[in-house]
Amino acid sequence: MRAGPSQEDIRRHNLGALLRHVHLGGPISRAELTSKMGLNRSTIMALTSDLTAAGLVREELPRETGRAGRPSLVVRPESARVYVFAFDVGPDRLVAARVGLGGVILDRRETTRDRGTFVLDELAGVLSGFARQMRRKTRDDTVCVGAAAAVSGGVRKGDGVVTFGPNLMAHDVPFGEELARRLGLGLPVSVGNDANLAALAEHSRGLGVGVRDLICLHGDVGIGGGIITGGHLLGGFDGYGGEVGHMVVNPGGRECSCGSHGCLEAEVGERALLELAGRFGPGQHGRDAVRAVVDAADRGDIVAQEALSRVGDWLGLGVANLVNIFNPEMVIFGGMLREVYLGSAAQVRTRLALHAMAPQREHVRLRTSALGDHVTLVGAAELAFAHVLADPLEVLARVSS
Ligand SMILES: [Zn+2]
Numbered sequence: 286m287r288a289g290p291s292q293e294d295i296r297r298h299n300l301g302a303l304l305r306h307v308h309l310g311g312p313i314s315r316a317e318l319t320s321k322m323g324l325n326r327s328t329i330m331a332l333t334s335d336l337t338a339a340g341l342v343r344e345e346l347p348r349e350t351g352r353a354g355r356p357s358l359v360v361r362p363e364s365a366r367v368y369v370f371a372f373d374v375g376p377d378r379l380v381a382a383r384v385g386l387g388g389v390i391l392d393r394r395e396t397t398r399d400r401g402t403f404v405l406d407e408l409a410g411v412l413s414g415f416a417r418q419m420r421r422k423t424r425d426d427t428v429c430v431g432a433a434a435a436v437s438g439g440v441r442k443g444d445g446v447v448t449f450g451p452n453l454m455a456h457d458v459p460f461g462e463e464l465a466r467r468l469g470l471g472l473p474v475s476v477g478n479d480a481n482l483a484a485l486a487e488h489s490r491g492l493g494v495g496v497r498d499l500i501c502l503h504g505d506v507g508i509g510g511g512i513i514t515g516g517h518l519l520g521g522f523d524g525y526g527g528e529v530g531h532m533v534v535n536p537g538g539r540e541c542s543c544g545s546h547g548c549l550e551a552e553v554g555e556r557a558l559l560e561l562a563g564r565f566g567p568g569q570h571g572r573d574a575v576r577a578v579v580d581a582a583d584r585g586d587i588v589a590q591e592a593l594s595r596v597g598d599w600l601g602l603g604v605a606n607l608v609n610i611f612n613p614e615m616v617i618f619g620g621m622l623r624e625v626y627l628g629s630a631a632q633v634r635t636r637l638a639l640h641a642m643a644p645q646r647e648h649v650r651l652r653t654s655a656l657g658d659h660v661t662l663v664g665a666a667e668l669a670f671a672h673v674l675a676d677p678l679e680v681l682a683r684v685s686s
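For the sequence shown, the positions run 286 to 686 when the numbering used here is used.
As structure tokens, this is what we get:
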């Protein structure tokens, strides 16, 4: 017979769960924690004492209670003290941020990058340099508890090696390992696919909070997908699940970077839209270029309107397939797809009405990301916090030693 969880396992689980409440929900009273976690008052008191002693949270008297009697202490994350490094390798920019417990962006650095290259030395060099700059500005009592990066590409489960991507020339790039080596913090750097991390961000802090079945479609040069079913991110056998950008919607269609034809990203991606709008050319790329097409369509530009309508048709077809298969409660469009959806919502909805089955279609909500351009960085930060939220005291003991 298998033994049940030990007292120590339960305590570890509860410490993580309490810290997660404070991290995601912000300051919360002991009384609320007691009711939300379904534990008794003395257990909550013991758990918060442990986390306070470790320097992860602090307890304060509430400013105003409005009630008679002894007020319940409020538990706050030690956002200025406990932080992670979050990195975002986008097609056109590199971002590094120091993010405090509770999700506060404490410091941030950004630079542009050239498309079409993924030079490991260069990327890891720039990002670790940013991290060093930010670290020099921190107080002595601060502690880094994790690091993670979002990349637009396939990330192998287990070792975080980047194996394919629109900008990847070499195969099997050990990006996380190299970045960890250069950071020299004694911490691993977790690596995640940008669309998967966008889904994690929406689920943790965006429109998807409390939504257990959620699909994020994230577009930059290509289109990625993050699929959350039953509250869990779908990873697949090797970690490459959710590559909805390569779902074929038009078999005789445009050539795709993957070698196939008529993939969603070939028909809906940035290049397709700009070409159809007669705006593809040197220097014409990125979200500003996509936004310019949507703006032109709003002003009555017929070519831009037709381009959006065509792209919206394919996007709607892709969404209809996803709705039929996964029965999501919500689909969120992020990155450049945010603009595309705003400019083509009518076509997307028409396709959905035509091709999605009624029971799945009726409840699905289509939304644009509320986290905007930060979404992948926020997702990377959440990935970086995952270890400390799973086992707060073990991680803290390790990084403090
Ligand atoms: Zn493809």
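We treat Cβ as the ideally placed atom computed from N, Cα and C, and that holds for glycine.
Bear in mind that the values here come from a model prediction, so they are computed numbers and not experimental data.
Asked, Found
"Quick check: the stretch 379 to 386 against the stretch 470 to 486, are there 3 or more CB pairs under 8 Å?", "no"
"Do you know offhand how far L594's Cα is from R584's?", "According to the sequence shown, residue 594 is Ser rather than Leu. If I take the Cα positions, the gap works out to 15 Å."
"Any residues whose CB sits closer than 5 Å to a heavy atom of ligand 1? List them in chain order?", "H531, C541, C543, S545, C548"
"Just confirm the distance between the C-beta atoms of V596 and V553, as a whole number of angstroms; I'd bet it's less than 8 Å.", "5 Å"
"What number of angstroms, rounded off, separates the C-alpha of A666 from the C-alpha of F449?", "22 Å"
"Among all the DSSP beta bridges, which residues are the ones paired with V360?", "I313, E344"
"Do you know offhand how far G547's Cα is from E407's?", "33 Å"
"Give the DSSP bridge partners of I508, in chain order.", "G504"
"Would you call the CB atoms of P347 and L386 closer than 8 Å?", "no"
"Nearest to G375 by CA position, among A434, V359, P567, is which residue?", "A434"
"Look at the alpha carbon of D598 and the alpha carbon of Q632, and state the distance between them as a whole number of angstroms.", "5 Å"
"Taking only three categories from DSSP, how would you classify H546?", "strand"
"Can you check the stretch 374 to 404 for any beta strand (DSSP E) of at least 3 residues that lies completely inside it and give the ranges in chain order?", "378 to 385, 389 to 397"
"Which partner residues does S475 have in the DSSP bridge list?", "A433"
"Excluding five sequence neighbours on each side, which residues of the same chain lie with their C-beta closer than 6 Å to the C-beta of S314?", "S357, V359"
"Would you mind reading off the limits of the alpha helix (DSSP H) that contains L600?", "587 to 611"
"Excluding the five sequence neighbours on either side, which residues of its own chain have a C-beta within less than 6 Å of the C-beta of A465, listed in chain order?", "P473, V474"
"List the whole-angstrom C-beta distance separating I500 from L607, where the pair is believed to meet the contact cut-off of C-beta under 8 Å.", "6 Å"
"Among V342, G603, R576, G521, whose alpha-carbon lies nearest the alpha-carbon of G628?", "R576"
"Give the single residue among S654, H503, R497, T337 whose Cα lies nearest to the Cα of P689.", "Residue 689 is absent from the structure shown; the chain starts at 286 and stops at 686."
"Thinking C-beta only, is A302 closer than 8 Å to M322?", "yes"
"The alpha helix (DSSP H) that contains L651, what's its start and end?", "Element bounds for L651: not the alpha helix (DSSP H) but the beta strand (DSSP E), 650 to 653."
"How many Å lie between G664 and A641 at the Cα?", "29 Å"
"Give me the Cβ distance between A592 and A630, rounded to the nearest whole Å; I'm assuming they're in contact under 8 Å.", "Incorrect: roughly 15 Å between the Cβ atoms, too far for contact."
"Along the chain, where does the beta strand (DSSP E) containing G619 start, and where does it finish?", "615 to 620"
"Using the C-alpha atoms, what's the distance from A669 back to T396?", "21 Å"
"Compare the beta carbon distance of V436 and V476 with 8 Å and say whether it is the shorter of the two.", "yes"
"Using only alpha-carbon positions, find the residue among F415, H488, V578, V430 that is nearest to A671.", "V430"
"Can you check which of these residues, N299, S489, A655, A432, is closest to R467 by C-alpha distance?", "A432"
"Of the choices L600, V588, H503, whose alpha-carbon is the least far from that of T661?", "H503"
"Starting from the Cα of V625, find the closest Cα among A589, I329, F611, Q645 and give me that residue.", "A589"
"Helix, strand or coil for E679, going by three-state DSSP, please let me know.", "helix"
"If I follow the unbroken beta strand (DSSP E) through T448, where does it start and stop?", "447 to 449"
"Who does G439 pair with in a DSSP beta bridge?", "F449"
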